[in-house]
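K.L.:
Sending over a structure as structure tokens; questions will come in a sec.
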Ligand code: PBG
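Residue numbers (our numbering): 69 to 397.
Take a look at the structure:
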């Protein structure tokens, strides 16, 4: 053959492949989610997420230090709340002496240069496992829930959090939280909006990890989280959150929704993040542990795919493992 184009020419050697590589992964791309327990010197495995533990604050400090050393910019805190503290209205969510505010203070004291992000939603704190306050039919009441979320965000801001991340999908909550932060002088507190958050079965292991699965029972979150069938709706949700004052937006879950990441990035051009959620982590880990796939290779490929889809960063339980591999290279 006498070919004019031979695309394989650029792929022949390692140096050439490196030269033409379009996307790169770095530890700067990662946000590391952790599960926080009450008390001291406590560590529990999350069975459905091999390699992930719930830990108490004293054991979280060395993990935070590891994140700093690895160059991971942000750690995201998720609380495991004991059942005695869970109520129908989830009011523990805005207890200024609660698990999260105390952890934020301590972490910021020890590691001022590590970004700390907290989840804004009531599900770890409610006796029914929903993200908000429910009526007699179990329907999550939007506006009353937003009032509670505002209190939760202000409590975290008072504790010194860098970034609040509303993951509840109530209407108008980004605007309400932004107004409250401004009114109270928290002009530097960032909002990362879980804007296009789908009602997904991939959150299963997370609900085990924070202990909300039992409370939620056979319930679901379809009256507020998005229908996996929809894509235009994601653009509307993200647009609203941007108008209401979000600094960054997020698509969740991750890998099955890379088409949404690409659309959001292309159409809105905003700092866009994706959450590689617990079920995605669990699937990769399970296959790796069984020897069915090369765990490290699949982990790195999955993370690079987010970058290719247009994500500016990834929330991932692999953050430390991936950053360590990148450091070794
Ligand atoms: C709570 C929240 C969830 C996740 C992050 N924040 C669960 C849910 O909406 O039920 C899921 C994270 C994961 O699966 O890794 N609102």
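For every residue, glycine included, the Cβ atom is placed at its ideal position computed from N, Cα and C.
1) With distances taken Cα to Cα, identify the nearest neighbour of residue 212 among 226, 132, 236.
2) Under three-state DSSP, which class holds residue 270?
3) Rounded to whole angstroms, what is the Cα-Cα separation between residue 348 and residue 321?
4) Compare the C-alpha of residue 104 against each of 83, 192, 317 and name the closest.
5) Where do the N-terminal and C-terminal ends of the alpha helix (DSSP H) with residue 349 fall, by residue?
6) Report yes if the C-beta of residue 164 is less than 7 Å from at least one heavy atom of the ligand PBG; otherwise report no.
7) Would you call the stretch 143-151 and the stretch 197-216 in contact, with 3 or more CB pairs under 8 Å?
8) Is residue 260 closer than 8 Å to residue 185 when the C-beta atoms are compared?
9) Who are the near neighbours of residue 293 in its chain, counting only those whose CB is closer than 7 Å to its CB and skipping five residues on each side?
10) Mind reading off the beta-carbon distance from residue 317 to residue 310? Whole number of angstroms is fine, and I expect it under 8 Å.
11) Along the chain, where does the alpha helix (DSSP H) containing residue 213 start, and where does it finish?
12) Rounded C-beta distance between residue 221 and residue 168? I'm assuming under 8 Å.
13) Going by DSSP, what residues sit across from residue 111 in a beta bridge?
14) So residue 244 and residue 218 are supposed to be a Cβ contact under 8 Å. How far apart are they, rounded?
15) If residue 254 sits next to residue 225, beta carbons under 8 Å apart, how far is it from one beta carbon to the other, in whole angstroms?
16) Are the Cβ atoms of residue 373 and residue 326 separated by less than 8 Å?
17) Can the beta-carbon of residue 303 be found closer than 8 Å to that of residue 331?
18) When every heavy atom of the ligand PBG is checked, does at least one fall within less than 7 Å of the C-beta of residue 325?
19) Where do the ends of the alpha helix (DSSP H) carrying residue 393 lie?
20) Mind checking whether residue 161 and residue 233 have CB atoms under 8 Å apart?
21) At a cut-off of 7 Å, is residue 193 close to the ligand PBG when judged by its beta-carbon and the heavy atoms of the ligand?
22) What is the DSSP secondary structure of residue 95, reduced to helix, strand or coil?
23) What does a CB cutoff of less than 7 Å around residue 130 pick up in its chain, not counting 5 residues either side in sequence?
24) Below 8 Å on the Cβ atoms is my guess for residue 111 versus residue 127; work out the distance and round it to an integer in Å.
25) Which complete beta strand (DSSP E) runs does the stretch 243-318 hold, if anything under 3 residues is left out?
P.N.:
On the basis of the coordinates in this document:
1) Within the chain shown, residue 212 is the residue found at index 144, counting from 1. 236 is the residue among 226, 132, 236 whose C-alpha sits nearest the C-alpha of residue 212.
2) Walking along the chain shown from the start, residue 270 turns up at place 202. Taken through DSSP and simplified to helix, strand or coil, residue 270 comes out as helix.
3) Walking along the chain shown from the start, residue 348 turns up at place 280. Walking along the chain shown from the start, residue 321 turns up at place 253. Cα-Cα distance, rounded: 8 Å.
4) Here residue 104 refers to the residue found at position 36 of the chain shown. Relative to residue 104, the option among 83, 192, 317 whose CA is nearest is 192.
5) Counting from one through the chain shown, the residue named residue 349 turns up at place 281. Looking at the DSSP string, the run of the alpha helix (DSSP H) that includes residue 349 is 346-357.
6) Working through the chain shown from its first residue, we reach residue 164 at position 96. Relative to the ligand PBG, residue 164 has its C-beta separated by 7 Å or more from all heavy atoms.
7) Because the criterion of three Cβ pairs below 8 Å is not met, the stretch 143-151 and the stretch 197-216 do not touch.
8) To locate residue 185, count along the chain shown from 1; it is residue 117. To locate residue 260, count along the chain shown from 1; it is residue 192. Taking C-beta atoms as the reference points, residue 185 and residue 260 count as a pair closer than 8 Å.
9) Locating residue 293 in the chain shown gives position 225, where the first residue counts as 1. Closer than 7 Å at Cβ, skipping near neighbours: 237, 265, 266, 267.
10) Working through the chain shown from its first residue, we reach residue 317 at position 249. Working through the chain shown from its first residue, we reach residue 310 at position 242. So it is a contact: roughly 7 Å between Cβ atoms.
11) Against the chain shown, residue 213 aligns to sequence position 145. Unbroken alpha helix (DSSP H) run through residue 213: 210-227.
12) Numbered from 1 along the chain shown, position 153 holds the residue referred to as residue 221. Numbered from 1 along the chain shown, position 100 holds the residue referred to as residue 168. Their Cβ separation, rounded to whole angstroms, is 11 Å, which puts residue 221 and residue 168 out of contact at 8 Å.
13) In the chain shown, counting from the first residue as 1, residue 111 sits at position 43. According to DSSP, which records beta bridges pairwise, residue 111 is partnered with 123.
14) The count along the chain shown starts at 1 and reaches residue 244 at position 176. The count along the chain shown starts at 1 and reaches residue 218 at position 150. Indeed they touch by this definition, with Cβ atoms about 5 Å apart.
15) As a working note, residue 254 is residue 186 in the chain shown. As a working note, residue 225 is residue 157 in the chain shown. That pair is a contact at about 4 Å.
16) As a working mapping, residue 373 is identified with position 305 in the chain shown. As a working mapping, residue 326 is identified with position 258 in the chain shown. With respect to the 8 Å criterion, residue 373 and residue 326 are classified as neighbours on the basis of their beta carbons.
17) Translated into the one-based positions of the chain shown, residue 303 becomes position 235. Translated into the one-based positions of the chain shown, residue 331 becomes position 263. In this structure, the beta-carbon distance from residue 303 to residue 331 falls below 8 Å.
18) Looking up residue 325 in the chain shown gives position 257. No, since every heavy atom of the ligand PBG falls outside the 7 Å radius drawn around the Cβ of residue 325.
19) Walking along the chain shown from the start, residue 393 turns up at place 325. 387-396 is the extent of the alpha helix (DSSP H) around residue 393.
20) One-based indexing of the chain shown puts residue 161 at position 93. One-based indexing of the chain shown puts residue 233 at position 165. Using a Cβ distance threshold of 8 Å, residue 161 and residue 233 do not count as a contacting pair.
21) Here the question's residue 193 lines up with position 125 in the chain shown. It does not: the Cβ of residue 193 is nowhere closer than 7 Å to a heavy atom of the ligand PBG.
22) Within the chain shown, numbered from 1, the residue matching residue 95 stands at position 27. Judged by DSSP in its simplified three-state form, residue 95 adopts helix.
23) Counted from its first residue, the chain shown places residue 130 at position 62. If the five residues before and after residue 130 are omitted, its C-beta is found closer than 7 Å to no C-beta atom of its own chain.
24) The residue labelled residue 111 in the question sits at position 43 within the chain shown. The residue labelled residue 127 in the question sits at position 59 within the chain shown. Between residue 127 and residue 111 the Cβ distance is about 6 Å, and since that is below 8 Å, they are a contact.
25) Listed in chain order, the complete beta strand (DSSP E) runs (minimum 3 residues) inside the stretch 243-318 are 258-265.
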